[in-house]
Amino acid sequence: MEKWMSKLRLLKARNKKEVFNILNEIEEIYSNMEENNLNLSKEEKMKFVYNIMPSCTQMKIVIDNDTTVDSLIKKIREFTKYEIYMEDTSYIRRIESKQDTRPDDPMDIDSINRKYKGINNQKQS
């Protein structure tokens, strides 16, 4: 039991992408402990799961009284996936917004009637 408890105490995710691997390790440790009839209480299991998360994620996860360990793990996975997705899409949006700051192309079909400095000064009939 001490072997698994020491493993649980050492687990900590340094960033959001490590959370998934560490949650898998925790689930393996819990299943090994149950196979050997070494059960932890629900509160202890939840404490270990909560403590592995990065501190920025810990503040955003809400734990209710009726939350089970499996539902907490599922909630953490979903929340972490969402945060990673939002970070990736915000990075893509920043890149796209930098690319969209270029001036309009005067040869574009939508730009026929627009006035450009030195270009297209003649009136269309």
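UniProt numbering numbers the first residue of the sequence shown as 1 and each following residue consecutively.
Even glycine gets a Cβ: it sits at the ideal position worked out from N, Cα and C.
Counted within 10 angstroms of its Cβ, other Cβ atoms place residue i as buried (16 or more) or exposed
i, result
"residue 193", "Summary: the structure shown does not reach residue 193, with the chain confined to residues 1 through 125, and so no result is reported for it."
"Y82", "exposed"
"L40", "buried"
Closest Cα partner of residue i within the set the options
i, options, result
"I84", "K12, L11, V19", "V19"
"L11", "E35, K75, L40, I22", "I22"
"D88", "K7, M1, K16", "K16"
"V69", "N51, E2, S90, N36", "N51"
N-terminal and C-terminal residue of the alpha helix (DSSP H) that residue i is part of
i, result
"N21", "19-35"
"T67", "Careful: T67 lies outside any alpha helix (DSSP H) and carries neither H nor E."
"R9", "2-10"
"S55", "55-58"
"K16", "It is not in any alpha helix (DSSP H) - K16 carries neither H nor E in the DSSP assignment."
"N51", "42-52"
The ligand MG heavy atom lying under 6 Å from the CB of residue i
i, result
"I52", "The ligand content of the structure shown is nil, which means the ligand MG is not present either."
Under 7 Å between C-beta atoms of residue i and residue j
i, j, result
"L72", "M46", "yes"
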